[in-house]
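Following: one structure in structure tokens, then a few remarks.
There are 2 protein chains.
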Amino acid sequence: MGEGILAGLRVVEISAFVAAPMAGATLASMGAEVFRVEQLGGGIDAARWPVHEGRSLYRAGLDQGKRSLAIDLRSERGQQLVTDLIIGGGPAGGIVLSNLGARGWMAYERLAEKRRDLIMVMITGSPDGGSAVDYTINAGVGFPWVTGPEGWGGPVNHVLPAWDVTTGVLAAAAVLAAERHRRLTGQGQLVQLALSDVAIAVAAHLGFLAEAKLVEEPRGRYGNDLYGTYARDFRTRDGGYVMVCALTARQWKSLGEATGLAGPFAAIEVMHGIDLRDEGERFRHRREISALIEPWVATRTLATVRDAFDGAGVLWGPYRTFKELVREDPSAADPFASPIDFSGFERVKAPPSPAIGANTQQLLETELGLGGSELAELREQGVIG
Amino acid sequence: MGEGILAGLRVVEISAFVAAPMAGATLASMGAEVFRVEQLGGGIDAARWPVHEGRSLYRAGLDQGKRSLAIDLRSERGQQLVTDLIIGGGPAGGIVLSNLGARGWMAYERLAEKRRDLIMVMITGSPDGGSAVDYTINAGVGFPWVTGPEGWGGPVNHVLPAWDVTTGVLAAAAVLAAERHRRLTGQGQLVQLALSDVAIAVAAHLGFLAEAKLVEEPRGRYGNDLYGTYARDFRTRDGGYVMVCALTARQWKSLGEATGLAGPFAAIEVMHGIDLRDEGERFRHRREISALIEPWVATRTLATVRDAFDGAGVLWGPYRTFKELVREDPSAADPFASPIDFSGFERVKAPPSPAIGANTQQLLETELGLGGSELAELREQGVIG
Chain P
0 MGEGILAGLR VVEISAFVAA PMAGATLASM GAEVFRVEQL GGGIDAARWP VHEGRSLYRA
60 GLDQGKRSLA IDLRSERGQQ LVTDLIIGGG PAGGIVLSNL GARGWMAYER LAEKRRDLIM
120 VMITGSPDGG SAVDYTINAG VGFPWVTGPE GWGGPVNHVL PAWDVTTGVL AAAAVLAAER
180 HRRLTGQGQL VQLALSDVAI AVAAHLGFLA EAKLVEEPRG RYGNDLYGTY ARDFRTRDGG
240 YVMVCALTAR QWKSLGEATG LAGPFAAIEV MHGIDLRDEG ERFRHRREIS ALIEPWVATR
300 TLATVRDAFD GAGVLWGPYR TFKELVREDP SAADPFASPI DFSGFERVKA PPSPAIGANT
360 QQLLETELGL GGSELAELRE QGVIG
Chain D
0 MGEGILAGLR VVEISAFVAA PMAGATLASM GAEVFRVEQL GGGIDAARWP VHEGRSLYRA
60 GLDQGKRSLA IDLRSERGQQ LVTDLIIGGG PAGGIVLSNL GARGWMAYER LAEKRRDLIM
120 VMITGSPDGG SAVDYTINAG VGFPWVTGPE GWGGPVNHVL PAWDVTTGVL AAAAVLAAER
180 HRRLTGQGQL VQLALSDVAI AVAAHLGFLA EAKLVEEPRG RYGNDLYGTY ARDFRTRDGG
240 YVMVCALTAR QWKSLGEATG LAGPFAAIEV MHGIDLRDEG ERFRHRREIS ALIEPWVATR
300 TLATVRDAFD GAGVLWGPYR TFKELVREDP SAADPFASPI DFSGFERVKA PPSPAIGANT
360 QQLLETELGL GGSELAELRE QGVIG
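In the order they appear, the protein sequences are chains P and D.
The opening position of the first sequence corresponds to residue 0 in numbering that gives the first Met the number 0, with each subsequent residue numbered one higher.
The opening position of the second sequence corresponds to residue 0 in numbering that gives the first Met the number 0, with each subsequent residue numbered one higher.
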């Protein structure tokens with residue numbers, strides 16, 4: 000990269016799983032130089048599914064825009080090389096990002112001895128350092144009891160590792176916050192964040208925790224009905240599915256116009272003495288509303304529904320599988336490096352991901368100034384491949 | 000705030016729904032001054048559920064750490080006041096964050112005329128400006144077809160508005176990236192990002208898009224089984240639910256030790272000539288593994304399971320409702336302002352959220368230097384309340 004808004008910023012990532020790699024990928028997508036360092040011979044999840052022709056697509060996606068080094072991190076020489084890499088990079092270097100635990104040679108104190116203004120961002124599962132991952136945290140944070148079909152007995156996990164993703168993006172913001180502070184004051188920083196705390200913070204910002212504390216009735220499981228307003232999925236005559244939303248009074252009006260159901264909607268209002276422009280009332284009376292919309296959608300094809308909804312400005316969207324998404328949506332078939340468009344920079348397409356260890360030799364040369372004989376020696380000692 | 004790592008940074012937020020308010024909340028949680036400007040009389044979602052004693056808990060959660068102004072944005076005088084607020088704030092001001100569409104007085108060009116180094120971060124639903132929200136985007140991006148109980152017929156939405164949350168946190172990172180660039184070059188920036196592009200970027204980073212393109216077999220719906228490795232929920236004798244993970248070879252060994260099932264696990268290996276230390280094999284043979292674990296958990300209480308799992312270092316977690324979370328977890332009952340711990344700063348507890356418009360008069364005084372007679376006039380004209 001090097002062309003984006005973060006050009007010059009240099010981050011060494013020593014990581015596994017999703018959150019820290021996602022942080023690195025977020026910074027790389029904006030043009031930071033991110034060096035992902037891997038245990039020689041393959042880290043803990045280097046071969047994680049989905050796999051295609053022997054290559055982990057999971058891993059490739061998370062390494063987008065990075066450069067990859069494979070080094071024996073168990074050897075003293077390997078640790079020394081990575082230390083040099085971490086503390087180097089000039090004023091916008093000296094940044095390390097990890098979720099592998101900062102012990103021994105990688106402890107913040109040890110590295111900060113060698114570069115006083117070091118920034119270390121360390122992601123953990125839980126704040127006490129106990130092991131926890133997205134899936135165990137999600138279980139404990141409440142969402143599986145409100146996700147899934149109404150009336151379902153057990154917990155329903157969401158498949159998106161949302162806490163990993165959020166933590167990763169937040170860790171990228173934390174790198175930028177700490178680097179800003181360093182630029183203003185010269186001070187480095189140890190930055191720690193735990194997945195479980197991120198989950199709690201998000202649940203707090205969305206009002207779930209205050210609701211759990213203050214409202215007597217527990218949040219229910221409403222299937223695909225959106226709590227507190229009106230939105231739901233419907234099935235078309237030809238087996239398509241659509242998500243239909245009426246979050247604002249204007250969208251509610253559009254829905255009545257598109258379906259010709261404004262009259263029956265008004266009848267619900269008269270019957271109960273309510274005003275369905277109030278989204279809370281739409282939620283309370285969602286079954287009656289849906290009982291009208293359901294047959295309307297069910298007797299029409301997706302194409303007809305699309306025309307009617309688009310014509311009236313309804314807020315809606317068709318459900319798609321991942322395969323339909325990449326087939327139908329050009330921006331998914333060939334995505335940009337970053338979803339963010341900075342006016343001062345040209346948007347570039349997502350670069351290919353490096354094979355694990357692909358940039359080891361080159362970076363040891365350019366970043367640490369190692370020569371041919373030293374590289375040969377490292378190879379002989381089994382420190383690099 | 001003003002005590003955190005982003006102290007001095009000043010952002011004006013003109014927003015609705017979740018993503019932009021989440022961006023502002025993320026910056027505020029790190030100590031930035033965030034002024035949320037609201038349409039006088041209540042914005043589009045000022046009363047959104049959940050509500051407690053007339054107060055929107057949804058809204059309060061998203062306004063944490065901010066200050067709130069209510070101004071008639073439809074009046075020319077109101078627009079002028081907010082323009083002055085946006086372009087003010089000194090070197091670390093001149094930042095506006097919105098998802099309400101940059102038209103008329105709020106157009107980037109108009110504001111940049113008044114402050115050349117303005118940073119505007121504008122969040123949209125889709126990149127073409129068409130309306131789309133988390134729920135319609137999620138429908139189109141593939142996850143509802145792989146979420147939910149195995150064998151379920153229709154799409155299953157996750158309840159967490161994950162795209163809103165991710166976009167919000169990413170927009171906070173974008174503010175910091177643009178402010179870094181401005182500090183280095185003096186240049187402002189129009190920053191645009193669409194929820195749908197964020198969803199696509201995340202699906203790409205997690206390998207879902209490459210899989211959809213390259214792997215013939217579509218990703219299936221596996222209920223609470225984690226794809227490509229071993230993790231699932233189980234029910235205890237006393238009706239508790241636990242999420243059990245064995246993502247690494249070490250965690251797999253622990254699970255065998257904790258349950259005393261190492262022998263039967265080995266028998267599965269012998270039967271199929273496989274090595275269950277390989278996570279892909281654990282996924283392939285997950286039903287056989289689960290058939291052993293299920294009765295083991297089902298005949299024990301949650302307390303017994305907890306002791307056995309914790310004793311052997313199993314990666315697991317109990318399922319909890321939101322109410323159980325705030326009752327049992329001190330960090331959820333009384334959360335920190337930010338889930339991020341910066342070593343150079345004291346961590347503070349989440350501050351109370353302002354009532355909508357609570358800081359209007361104070362901020363017009365301190366930020367714009369308005370006096371008593373001007374405020375009285377604005378009140379009389381209905382520009383402020």
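From the three backbone atoms N, C-alpha and C, an ideal C-beta is built for every residue, glycine too.
Three-state secondary structure (DSSP) of residue i
i	result
P20 of chain P	helix
G384 of chain P	coil
T298 of chain D	coil
S342 of chain P	coil
W315 of chain P	strand
L39 of chain D	coil
I4 of chain D	coil
R102 of chain D	coil
M270 of chain D	helix
D71 of chain P	coil
L246 of chain P	coil
E364 of chain P	helix
E216 of chain P	coil
Y221 of chain P	coil
D306 of chain D	helix
T123 of chain P	strand
R234 of chain D	strand
R276 of chain P	coil
I118 of chain P	strand
Y226 of chain D	coil
A45 of chain D	coil
H284 of chain D	coil
G88 of chain P	coil
G255 of chain D	helix
C-beta atoms of residue i and residue j nearer than 8 angstroms
i	j	result
F321 of chain P	P217 of chain D	yes
A230 of chain D	Y107 of chain P	no
E173 of chain D	L192 of chain D	Per the sequence presented here, residue 173 of chain D reads as Ala, with Glu not at that position. Yes, the Cβ-Cβ distance between A173 of chain D and L192 of chain D is below 8 angstroms.
P160 of chain P	G222 of chain P	no
L246 of chain D	T228 of chain D	yes
I199 of chain P	S330 of chain D	yes
G3 of chain P	D116 of chain P	no
L194 of chain D	A131 of chain D	yes
I288 of chain P	I267 of chain P	yes
T146 of chain D	V241 of chain P	no
I316 of chain P	G139 of chain D	Per the sequence presented here, residue 316 of chain P reads as Gly, with Ile not at that position. In this structure, G139 of chain D lies closer than 8 angstroms to G316 of chain P by Cβ.
A165 of chain P	V120 of chain P	Per the sequence shown, the amino acid found at residue 165 of chain P is Thr instead of Ala. Contact: no.
L80 of chain D	A24 of chain D	no
R9 of chain P	A111 of chain P	no
A257 of chain P	A311 of chain P	yes
W48 of chain D	G141 of chain P	no
A170 of chain D	A19 of chain D	yes
N156 of chain D	T123 of chain D	no
A15 of chain P	G42 of chain P	yes
Beta bridge counterpart(s) of residue i as assigned by DSSP
i	result
K348 of chain P	P:F335
E12 of chain P	P:R35, P:L96
S55 of chain D	D:V50
R66 of chain D	D:F34
V241 of chain P	P:F233, P:P317
The ligand COA heavy atom lying under 7 angstroms from the CB of residue i
i	result
E345 of chain P	Of ligands this structure carries none, so the ligand COA is not represented either.
TODO: Specify whether the region 296–305 of chain D and the region 232–247 of chain D touch according to this definition: at least 3 beta carbon pairs, one from each stretch, less than 8 angstroms apart.
DONE: yes
Open item on the list: My parser needs the alpha helix (DSSP H) runs of 4 or more residues fully inside the region 129–195 of chain D; what are they?
Closed with: 133–139, 161–184
Open item on the list: Could you check whether the region 340–356 of chain P touches the region 367–374 of chain P, counting it as contact only if at least three pairs of C-beta atoms, one from each stretch, sit closer than 8 angstroms?
Closed with: no
Task: Inter-stretch contact (C-beta, 8 angstroms, three-pair minimum) for the region 62–76 of chain D and the region 30–47 of chain D - done: yes
Open item on the list: With three or more beta-carbon pairs closer than 8 angstroms as the criterion, would you say the region 19–34 of chain D touches the region 96–114 of chain P?
Closed with: no
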